[in-house]
Each structure stands twice: as structure tokens, then as C-alpha cells.
Amino acid sequence: MRLIQFFLIFFLGVTACHPRPLDDMILADVALKAAQKVKAEVLAPDTYRKAENFYLRAKKDYSEGYFDSAKKFANQARQTAEQAEYQSVVKQTELKGGMLEPESGSPSLDKSNEEENE
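Under my numbering, the residue at position 85 of the sequence shown is numbered 81, and the numbers go up by one with no gaps.
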């Protein structure tokens, strides 16, 4: 009888544990930093603020042990931060006149420039 109780308690304990969403939290943090790097807080403030709020909620839930909720909010923070980053890059492109600056040293661009010069 005790063996059955032990396995029952062990099984309930194992199934009740949720893994910590550490990877999701790290990805959300990196996405927010990437958005910040392209000035998303200025060029896409609403989307960036929403991403920050999701991340803060994820951190709060994580610290309180609500790992399922923390994972959900971390994923929302990552996705929203990526949207803010994209919106910021698009806006920067529009402000520069609609053309992205080509990187120097790119072989495909150098070949096209050589062909134009000939």
C-alpha cells in the first residue's frame, strides 16, 4: 500500500512541475534589445511599449513561479519586439528616401557597379 502511495505522490509531483521558460525569457530580452538598437522606442513607440509590458509581465510571473504564464508573455514580448524592430527599420528606410544603403565590399554589388562602369 505504501508503495502505491509513494508512486502516486511521485507521479503527481512530476506532472505538476513545469519547466522554467528560461530560453523564452532570454529570447524576449534579446528581441527587446535588438528593437532598442534600431531606435524602436522612438520610431515605433506603441509597439515597443507593448513588447516591454509583455516582458515585464513575463518577468513578474516568472519570479512568482507562474511558468506557463511567463512563457506565454515572453513569447508575446518577443513577437511584439520583433514587430517593433521591423517597423522601426521600415520607418528608417522611408526617412532615408526609400533606399537602403548597400554594404561596401559586397561581391554582387561590386560586379554590378563594374558592369555599369564598362
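Beta carbons: idealized from backbone N, C-alpha and C, even for Gly.
When C-alpha distances from residue 71 are compared across 92, 40, 84, 46, the shortest belongs to 46. Residue 84 places its beta carbon less than 9 Å from that of residue 31. Rounded to the nearest angstrom, the Cβ distance from residue 24 to residue 73 is 4 Å, consistent with a contact under 8 Å. Residue 73 sits in a helix when the DSSP states are folded into three classes. Around the beta carbon of residue 89, a 10 Å sphere encloses fewer than 16 other beta carbons of the protein chains shown; the residue is thus reported as exposed. If you draw a straight line from the Cα of residue 76 to the Cα of residue 54, it comes to about 13 Å. Here DSSP, grouped into helix, strand and coil, assigns residue 60 to coil. Counted as a single uninterrupted DSSP element, the alpha helix (DSSP H) harbouring residue 21 occupies residues 18 to 33. For residue 78, the closest of 16, 37, 92 by C-alpha to C-alpha distance is 37. With respect to the 9 Å criterion, residue 17 and residue 50 are not classified as neighbours on the basis of their beta carbons. Pairing residue 87 with residue 39 gives a Cβ-Cβ distance under 9 Å. For residue 40, there is no enclosing alpha helix (DSSP H), as DSSP gives it neither H nor E.
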